Amino acid sequence: MSAKKFYLTTPIYYVNARPHIGHAYTTIVADVLARRHRLLGEDTYFLTGTDEHGQKIERSAAAAGVPPQQFADEVAAAFQKLWDRMGITYDQFIRTTSDKHKLGVQKLFSKLYEKGHIYLDSYTGSYCVSDEAFVDAPVGTPCPDCGRLLEEVTEENFFFRLSNFQKPLIDLIESNELVITPESSRNEVLSFLRGNFMPIFAELPKAWVGDKPITIDEMFKHARESHGALRSSLGHHYLPGTLKDLSISRSGFKWGIPVPEPAASAAEQKHVIYVWLDALANYMSAVGYGDESAKGQANFARYWPADLHLVGKEITRFHCVYWPAFLLALNPEYQTETQDKGIVDVLRAAEAPLHLRKSKIEPQKLTAEQHSAWAREFLPKQVTAHGWLLFDNAKMSKSKGNIVRTETILDAFGDEVYGKQFPESMKAERDLFASDVLRYFLLREIPFGQDGSFSFEAMITRYNADLANGFGNLVSRVLTMIGKYFDGVVPPFAETVFDVMITTDVGSNMLEVVTVGKGEIASEMENAIATGNLKGSSFQRALVSRQDSIDAAIWYFDHLRPDRAITATYMLIDAADKHLSDRTPWKLAKSNAPEDLKTLSDMMYSAGESIRIITALLYPILPYATAKVWAQLGLGDIELAARNGGLNNLQWGGLKPGTKLGPLAPIFPRADKGLIQIMTDMEDAQDSKLASSKLSAQQDPAPPASTHPAAGPRSSTIAEPAGPLPVGGSRALTPGPDPALTTESGQLTPPAAETAPQITIDDFAKVELRVAQIVVAERIPKADKLLRLEVDLGPHGKRQILSGIAEFYTPEELVGRRIVVITNLAPRKMRGLESHGMLLAASDTEGGKPALATCGEEIALGARLK
Ligand code: MSP
Numbered sequence: 023m024s025a026k027k028f029y030l031t032t033p034i035y036y037v038n039a040r041p042h043i044g045h046a047y048t049t050i051v052a053d054v055l056a057r058r059h060r061l062l063g064e065d066t067y068f069l070t071g072t073d074e075h076g077q078k079i080e081r082s083a084a085a086a087g088v089p090p091q092q093f094a095d096e097v098a099a100a101f102q103k104l105w106d107r108m109g110i111t112y113d114q115f116i117r118t119t120s121d122k123h124k125l126g127v128q129k130l131f132s133k134l135y136e137k138g139h140i141y142l143d144s145y146t147g148s149y150c151v152s153d154e155a156f157v158d159a160p161v162g163t164p165c166p167d168c169g170r171l172l173e174e175v176t177e178e179n180f181f182f183r184l185s186n187f188q189k190p191l192i193d194l195i196e197s198n199e200l201v202i203t204p205e206s207s208r209n210e211v212l213s214f215l216r217g218n219f220m221p222i223f224a225e226l227p228k229a230w231v232g233d234k235p236i237t238i239d240e241m242f243k244h245a246r247e248s249h250g251a252l253r254s255s256l257g258h259h260y261l262p263g264t265l266k267d268l269s270i271s272r273s274g275f276k277w278g279i280p281v282p283e284p285a286a287s288a289a290e291q292k293h294v295i296y297v298w299l300d301a302l303a304n305y306m307s308a309v310g311y312g313d314e315s316a317k318g319q320a321n322f323a324r325y326w327p328a329d330l331h332l333v334g335k336e337i338t339r340f341h342c343v344y345w346p347a348f349l350l351a352l353n354p355e356y357q358t359e360t361q362d363k364g365i366v367d368v369l370r371a372a373e374a375p376l377h378l379r380k381s382k383i384e385p386q387k388l389t390a391e392q393h394s395a396w397a398r399e400f401l402p403k404q405v406t407a408h409g410w411l412l413f414d415n416a417k418m419s420k421s422k423g424n425i426v427r428t429e430t431i432l433d434a435f436g437d438e439v440y441g442k443q444f445p446e447s448m449k450a451e452r453d454l455f456a457s458d459v460l461r462y463f464l465l466r467e468i469p470f471g472q473d474g475s476f477s478f479e480a481m482i483t484r485y486n487a488d489l490a491n492g493f494g495n496l497v498s499r500v501l502t503m504i505g506k507y508f509d510g511v512v513p514p515f516a517e518t519v520f521d522v523m524i525t526t527d528v529g530s531n532m533l534e535v536v537t538v539g540k541g542e543i544a545s546e547m548e549n550a551i552a553t554g555n556l557k558g559s560s561f562q563r564a565l566v567s568r569q570d571s572i573d574a575a576i577w578y579f580d581h582l583r584p585d586r587a588i589t590a591t592y593m594l595i596d597a598a599d600k601h602l603s604d605r606t607p608w609k610l611a612k613s614n615a616p617e618d619l620k621t622l623s624d625m626m627y628s629a630g631e632s633i634r635i636i637t638a639l640l641y642p643i644l645p646y647a648t649a650k651v652w653a654q655l656g657l658g659d660i661e662l663a664a665r666n667g668g669l670n671n672l673q674w675g676g677l678k679p680g681t682k683l684g685p686l687a688p689i690f691p692r693a694d695k696g697l698i699q700i701m702t703d704m705e706d707a708q709d710s711k712l713a714s715s716k717l718s719a720q721q722d723p724a725p726p727a728s729t730h731p732a733a734g735p736r737s738s739t740i741a742e743p744a745g746p747l748p749v750g751g752s753r754a755l756t757p758g759p760d761p762a763l764t765t766e767s768g769q770l771t772p773p774a775a776e777t778a779p780q781i782t783i784d785d786f787a788k789v790e791l792r793v794a795q796i797v798v799a800e801r802i803p804k805a806d807k808l809l810r811l812e813v814d815l816g817p818h819g820k821r822q823i824l825s826g827i828a829e830f831y832t833p834e835e836l837v838g839r840r841i842v843v844i845t846n847l848a849p850r851k852m853r854g855l856e857s858h859g860m861l862l863a864a865s866d867t868e869g870g871k872p873a874l875a876t877c878g879e880e881i882a883l884g885a886r887l888k
């Protein structure tokens, strides 16, 4: 049996503006879904492209002083290049100026015309050039959708008999033959199609007649009797006449696909096809509609109808009303009418007035069953609308001047974070790494379907917390330990040591390791994930098994909730992390007792196997990073695993004991907050570059920097240290220059004075020394001498300190130690990380092991030394 197919599309992007992260968002979501469906073994086809016709593009090109085709070529290339840099796995990039697309659009127009769904008429109305739509509002007033002023357009037009499709469309959506998600978009489309009952209900004299309230049934009875309201096949009311016929050609400009014969000759002027009919048809022309070759037809039969159109919420009406109506009208049960060139020619020759020449032939009516049978065969299965990326509560868009370019993020994260710390990495790798960061942020941060705000600061915070610390830290801890304790070979496994993770007391974040049956607490889990709050009271006694988390992640992926799929996957990460911290395998490793070694083996296997499952789940979101983890786990090429079902095996035990780990290397270097400024500057530089370029003639003025979504607080930038850099400020703690550090900041330590000058007690009082406990200690990639510590200062909170003691202390032996810290040193930056203070130590020989200054257990954390 051939594999199930999955045909997925993004909207095609207008070429009047260069891509920004709003466009990238849709494309990323589509790529995640395409990767997920491919790994499930489906015959997946992922289409994206550019929408290149219409008055808007024609005007933009004219403003830039270039022919529209050249203009479109440049911007389309920019989109395609960006998707390539980001590793987007589209199968085809369609352009509406391509010949094959033109053939498809003209075929669609001709079919509709032949069947009597299109007629010629003249029309005067308000037109929004920006939205390329006639609008029901007075000329000269702002467009209700985008706010641009409406222009009067009088034109002879071809019209599509949209009004004939009101009930078929309502039936289609009510029956879920066309699924629309989220529910809010479905409701919006349905109420548009059903018409507005409010003024009719308002006619009822009072909501109350005597003591008795008017029932809903009585309200609709009134609508039926006085206004002719009808019922859909499922019995819901609608007002006939709500849907008006749609103008589907334009004659005032040239930049479009010409209306084909015989329709063309019927018109006084030359017409181009309305840009939305042109654009929507891309979904069919891309897979072979209009291509009469055997290959073209086979391809069309293989992929059409589309399984999912992914769109921004502003274009649901085009995809859920116009597009399905065009497709319903292609039903072969509609007979081809005699509205052919012959009749038109006779009438033209007789110089009959236009109203006589336009066709009055109406296609016959089809039954609900005929529509429904055709819909199942030929209409897209689902349209899913996502929300917008916002800044200052407004949609990020070129016209508002509040956009962030994806290239900025690729360059900043790729070159500044990845490239600086792994200078040997190639440009392509850096791009893919940065693309993962953006993918993760957008999918994790924005509840799918809702609007979400973007800021560089939020992205950096999320990256450091979830990827550098969360996933990345777990992988590096576990694989390093397997390396150390088992010579880099996955150890044998006898018993589950942490099958279940969440807690009888989530309030204090305790994880209880017990076993419960699968699926017992699905509803609580749903609740907890929905609120994003695992500490919610309804969750107090919940237990979540590992399998529950895996099932939830899969369920959410398959129901287009990547944000929740990630949350569910992170429960596995948190559980594995917490388990290791609680059970301290490094202590077991020091024991010779066989029982301890068996526990260690079970524990490290379980941690490794958890990483395998987590990695398989995260692959669609983080294709580059998970490929690295997969290889480090000794499992080879993740793309191969995606193709041969390896990533679909989420059964416990998939990791074979005896697997030799691959070479280990850090995956997510930390990102410094200073990156906010770097990215803001990059955006500003781009703005000014564009402002002086040709293509910018049509760009709106760049916003002031302070209103830019990218703008972080400028003061948040911590300047690179200019002079000598004390690591912790003490010679004892900086046992010699770290070459990695010297490149950044020159000499590491100030020259030691043989005899220190005297200071007053007031001078000493300026130094704040406090008792602290080390709670986290870890190595820093490519810095042999530096450790990153997190210290707990009791009531004074926790902070990060970088210290040059890596040669003398392992991270494991430092965790839990009480030390003395100078807490009021200005923060310093090293290796892209900030150090907030220094620890005190002394060594008796130059370069000898430093002894850490300490205070007894009885002194509270945070207590000041005076
Ligand atoms: N060309 C039409 C679509 C035709 S489809 C047959 C169009 N183009 S567009 O470039 O203006 O927008 C295309 C899509 O880009 C939107 O539907 C949406 O998916 C995405 N986005 C553009 N700006 C966005 C945000 N600020 N936020 C999220 N997505 C955004 O409409």
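Using our numbering, you'd call the opening residue of the sequence shown number 23 and step up by one each time.
Note that the Cβ used here is the ideal one computed from N, Cα and C, for glycine as well.
Given the structure is predicted, the values throughout are model-derived calculations rather than measurements.
Once you ignore the five residues that flank residue i on each side, which residues in its own chain have a CB closer than 7 Å to its CB?
i: Asp585; result: Leu465, Arg466, Ile468, Pro469 and Phe470
i: Asn304; result: Ile34, Gly71, Ile116, Thr118 and His123
i: Ala951; result: One cannot answer for residue 951 here, as it falls past the ends of the chain, which runs 23 to 888.
i: Ile588; result: Leu465, Arg466 and Ile643
In whole angstroms, what separates the C-alpha of residue i from that of residue j?
i: Lys78; j: Val175; result: 15 Å
i: Gly838; j: Ile796; result: 5 Å
i: Ala787; j: Ala848; result: 16 Å
i: Ala604; j: Tyr641; result: The identity of residue 604 in the sequence shown is Asp, whereas the question assumes Ala. Looking at the two C-alpha atoms, the distance is approximately 28 Å.
i: Ser419; j: Ile110; result: 22 Å
i: Thr66; j: Asp106; result: 18 Å
i: Met241; j: Tyr344; result: 30 Å
i: Ala52; j: Leu349; result: 23 Å
i: Ser457; j: Arg272; result: 40 Å
i: Leu602; j: Val651; result: 19 Å
Drop a sphere of 10 angstroms on the beta-carbon of residue i, count the other beta-carbons inside from all chains shown, and report buried for 16 or more, exposed for fewer.
i: Asp659; result: exposed
i: Thr146; result: exposed
i: Pro166; result: exposed
i: Pro616; result: exposed
i: Leu171; result: exposed
i: Asp193; result: buried
i: Asp709; result: buried
i: Ser857; result: buried
i: Val789; result: exposed
i: Ile781; result: exposed
Assuming contact is defined by CB atoms lying nearer than 8 Å, are residue i and residue j in contact in what I supplied?
i: Ala434; j: Met701; result: yes
i: Glu196; j: Arg398; result: no
i: His818; j: Arg792; result: yes
i: Asn179; j: Ser144; result: yes
i: Thr358; j: Glu136; result: yes
i: Lys335; j: Gly436; result: no
i: Val511; j: Gly676; result: no
i: Leu215; j: Tyr260; result: yes
Going by beta carbon distance, what residues of the same chain come within less than 6 Å of residue i, once the five residues before and after it are set aside?
i: Ala732; result: Caution applies to Ala732, whose pLDDT of 41 falls short of 50 and renders its modelled position unreliable; the model cannot decide the point.
i: Ile881; result: Val793
i: Leu639; result: Ala575 and Thr591
i: Gly750; result: Note on Gly750: pLDDT 25, under 50, position unreliable in the model; the coordinate value appears next. The residues are Ser825, Met860 and Leu861.
i: Gln114; result: Leu69 and Ala308
Please go through the same chain and pick out, in chain order, the residues whose beta-carbon is closer than 8 Å to the beta-carbon of residue i, but skip the five residues on each side of it.
i: Gln392; result: Asn353 and Glu355
The segment 664-678 touching the segment 441-450, judged by at least three CB pairs closer than 8 Å: By the Cβ test, the segment 664-678 is not in contact with the segment 441-450, since fewer than three Cβ pairs between them sit closer than 8 Å.
**Message:** Can you confirm whether the segment 617-631 touches the segment 474-492 when touching is taken to mean that 3 or more C-beta pairs between the two stretches lie within less than 8 Å?
**Reply:** Contact between the segment 474-492 and the segment 617-631 is absent: fewer than 3 CB-CB pairs across the two stretches fall below 8 Å.
| field | Contact between the segment 200-220 and the segment 291-307 (3+ Cβ pairs under 8 Å) | value | Taking one beta carbon from each stretch, the segment 200-220 and the segment 291-307 have fewer than 3 pairs nearer than 8 Å; the two do not touch.
* Asked: Does the count of Cβ pairs from the segment 679-687 and the segment 643-658 closer than 8 Å reach three?
  -> Enough Cβ pairs lie closer than 8 Å, so yes.
- Task: May I ask you to verify whether the segment 247-267 touches the segment 87-107, counting CB pairs closer than 8 Å and requiring at least 3?
- Result: Taking a cut-off of 8 Å for Cβ pairs, the segment 247-267 and the segment 87-107 do not touch, as fewer than three such pairs fall below it.
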